[in-house]
Amino acid sequence: MESRADYIEAYRKLPAQLREKVRGLSAEQLTTAYNAPEWTIAQNIHHLADTHMVCIRRFKLILTSPSFQFTAYDVNAIAEMPDAKDADIEHSLKILEGLHARWAVLLENLSDEEWGKIGKGSSPDRPDYSLEELARAYAQHGINHLQQIQDVLDKMPA
């Protein structure tokens with residue numbers, strides 16, 4: 110992904126791509142760790158909803174705050190919470206559908222100056238990110254989790 114249009118397109122496509130990957134899967138298939146120690150399909154879907162909600166909040170805070178600093182959090186601990194292991198992924202898919210539609214609108218309307226706004230790293234070993242870098246990273250994040258879901262599907266018994 111090399112352009113802003115590519116990132117925006119990735120955000121728009123991700124929810125439908127996720128729905129297509131999980132269509133027809135049972136609760137057991139969604140919550141079984143076929144590719145241990147990697148997450149289950151349900152954990153991947155819930156993780157995307159959780160982290161992308163955090164990221165759009167970060168976007169808006171970077172846009173509206175004179176100096177925004179990222180706060181680190183433990184994604185693995187969050188992925189072990191009961192709601193993140195639940196087979197009912199519909200709520201997370203709906204979150205992603207609405208969130209990504211709004212995110213794409215936000216990105217389409219950013220000025221060049223806004224794309225360059227910076228969020229400060231959460232510690233000296235964590236880098237600062239511009240909105241453009243963050244948009245690229247989270248578009249790729251969705252693609253990476255689509256691949257992780259495909260890897261789980263590939264390990265499922267026929």
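Heads up: the sequence shown is residues 110 to 267, going by my numbering. Don't be surprised by glycine CBs; every beta carbon is placed ideally from N, CA and C.
Mind checking who residue i pairs with in its DSSP beta bridge?
{"i": "Y238", "result": "G228"}
{"i": "A152", "result": "Correcting the residue type first, residue 152 is Gln in the shown sequence and not Ala. Answer is none; Q152 lacks a bridge partner."}
{"i": "F177", "result": "G228"}
Where residue i and residue j are concerned, what is the direct C-alpha to C-alpha distance, given to the nearest angstrom?
{"i": "K169", "j": "A114", "result": "19 Å"}
{"i": "I150", "j": "T180", "result": "26 Å"}
{"i": "V261", "j": "P146", "result": "11 Å"}
{"i": "P124", "j": "A188", "result": "19 Å"}
{"i": "W212", "j": "N144", "result": "31 Å"}
{"i": "E217", "j": "E118", "result": "10 Å"}
{"i": "G225", "j": "L127", "result": "30 Å"}
{"i": "K194", "j": "P266", "result": "21 Å"}
{"i": "Q256", "j": "H155", "result": "15 Å"}
{"i": "S232", "j": "M110", "result": "28 Å"}
{"i": "D287", "j": "Q138", "result": "In the structure as shown, the chain begins at 110 and stops at 267. Residue 287 is therefore absent and cannot be evaluated."}
Excluding the five sequence neighbours on either side, which residues of its own chain have a C-beta within less than 6 Å of the C-beta of residue i, listed in chain order?
{"i": "H254", "result": "N153 and L157"}
Just to check my reading of the structure: residue i and residue j have Cβ atoms closer than 8 Å, yes? What is that Cβ distance to the nearest angstrom?
{"i": "G228", "j": "R167", "result": "6 Å"}
{"i": "L208", "j": "H161", "result": "6 Å"}
{"i": "K130", "j": "Q259", "result": "7 Å"}
{"i": "L240", "j": "E223", "result": "6 Å"}
task: Pair every Cβ in the region 241-257 with every Cβ in the region 187-201, then say whether three or more of these pairs are closer than 8 Å.
output: no
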